[in-house]
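In full-length UniProt numbering, the protein residues as written are 1 to 249. The beta carbon of each residue, even a glycine, is placed where N, CA and C say it ideally should be. Quantities reported herein were computed from a predicted structural model and do not represent experimental measurements. To start, the structure under review is shown below, and the notes come after it.
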Amino acid sequence: MASRKSSQPKRESRDKYSVLLPTYNERENLPLIVWLLLKYFGEGGYDYEIIIIDDGSPDGTLEVAEQLQKIYGKDKIVLRPREKKLGLGTAYIHGMKHATGNFIIIMDADLSHHVISYFIHRKQKEGGYDLVSGTRYQGNGGVYGWDLRRKLISRGANFLTQVLLRPGASDLTGSFRLYKKNVLESLVERCVSKGYVFQMEMIVRARQLNYTIGEVPISFVDRVYGESKLGGNEIVSFVRGLLTLFATT
Ligand code: GDD
Ligand code: MN
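Quick look at the structure:
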């Protein structure tokens, strides 16, 4: 009996996890990621909600999300759509404003983050961390399915940021993370970025504010359905954001 008890993560009865899923053209992926999350959190007896932030996807992702909400209920599936593609960073901020949990988990909706095995929330409980970040660049973490160009972009972004800002975390641009909600709110108050650069800015600001950061190695597996939304514009705005942070912090 004792062993069974200790295999369960310790948690306060009031803990609630709000999972933010930003989507842009994720019609094929959304049902599966939602099902996996419901299975994991449901069977684990957690209190949780899934907040889908769709940015007017032309492929009809929102209609799929509405179907899922009908099936699983409005308390589990919360829809916070926006009219058009306004960027990944602001999508998280928008979702966060509607979150009712005391913890926020952010992850991609394209199945690149495999929820079940990471125990990001267990790591949080172990160390009481303010932020837990999935890392592809430590321990047995890694990236699967990316071509050389994409690997270089990610490594380059991490390397440049490490050199300029020395944030002292191993994966600065990844987006599988857990935040205490009040911590994310205080970071967002200071946030200036709108797109993919958001992740980097959050972790840099977290360090500045002396928030505690835990890391869990993750395997990032490239999507099967649909395509990445990271384009040249995002890379330019990353570099611009990095230089702004370098100049102002
Ligand atoms: N609502 C909304 N608005 N969602 C968006 C937008 C947007 O403008 N842009 C992207 N998304 C969603 C996608 O639908 C997906 O669920 C998630 O954000 C990640 O987008 P991808 O296009 O799949 O990103 P990636 O696989 O190229 O990039 C991954 O690695 C990057 C570098 O480490 C992601 O994990 C990124 O978040 C990460 O920065
Ligand atoms: Mn992806």
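| Can you tell which of 124, 189, 152 has the C-alpha that lies nearest to the C-alpha of residue 15? | 124
| query | With burial defined as no fewer than 16 other Cβ atoms inside 10 Å of the residue's Cβ, what is the status of residue 56: buried or exposed? | reply | exposed
| field | Three-state class that DSSP yields for residue 131 in the structure shown | value | strand
| Would residue 159 be called buried (16 or more neighbouring beta carbons within 10 Å of its own) or exposed? | exposed
| said: From the DSSP secondary-structure annotation, give me the bridge partner or partners of residue 113. | reply: In DSSP, residue 113 forms a bridge with 220.
| field | For residue 241, the nearest candidate out of 220, 204, 214 (CA to CA) | value | 204
| Span separating the alpha-carbon of residue 59 from that of residue 24 | Rounded to whole angstroms, the gap between the alpha carbons of residue 59 and residue 24 is 8 angstroms.
| task | Would you list, in sequence order, the uninterrupted beta strand (DSSP E) runs of no fewer than 3 residues that lie entirely inside the region 174-208? | result | 177-180
| At a cut-off of 6 angstroms, is residue 108 close to the ligand MN when judged by its beta-carbon and the heavy atoms of the ligand? | yes
| query | Are the Cβ atoms of residue 174 and residue 237 separated by less than 7 angstroms? | reply | Pairing residue 174 with residue 237 gives a Cβ-Cβ distance that is not under 7 angstroms.
| said: I'd like to check one pair, residue 17 with residue 46: are the Cβ atoms closer than 7 angstroms? | reply: Result yes, Cβ atoms of residue 46 and residue 17 sit closer than 7 angstroms.
| said: If contacts are defined as beta-carbon pairs under 8 angstroms, then residue 21 and residue 53 qualify, I think. What distance do you get, rounded to the angstrom? | reply: With a beta-carbon spacing of about 7 angstroms, residue 21 and residue 53 fall inside the 8 angstroms limit used to define contacts.
| What do you reckon, are the CB atoms on residue 179 and residue 104 nearer than 7 angstroms? | yes
| When every heavy atom of the ligand MN is checked, does at least one fall within less than 6 angstroms of the C-beta of residue 223? | yes
| Neighbourhood of residue 101 by C-beta, 6 angstroms cutoff - its chain only, sequence neighbours within 5 removed | 16, 17, 18
| said: Taking its Cβ as the centre, do 16 or more other Cβ atoms sit within 10 Å of residue 29, making it buried, or is it exposed? | reply: buried
| query | When you compare each of 239, 91, 84, 170 to residue 216 by their alpha carbons, which one comes out closest? | reply | 170
| field | Span separating the alpha-carbon of residue 32 from that of residue 109 | value | 9 angstroms
| message | Below 6 angstroms, is the gap between the Cβ of residue 228 and the nearest heavy atom of the ligand MN? | response | yes
| What's the C-alpha gap between residue 75 and residue 64? | 17 angstroms
| request: Could you name the residues that DSSP lists as bridge partners for residue 143? | output: Per DSSP, 220.
| message | At a threshold of 6 angstroms, does residue 112 count as lining the ligand MN (C-beta to nearest heavy atom)? | response | yes
| On the premise that residue 112 lies in contact with residue 223, defined as a C-beta separation below 8 angstroms, what is that separation, rounded to the nearest angstrom? | 6 angstroms
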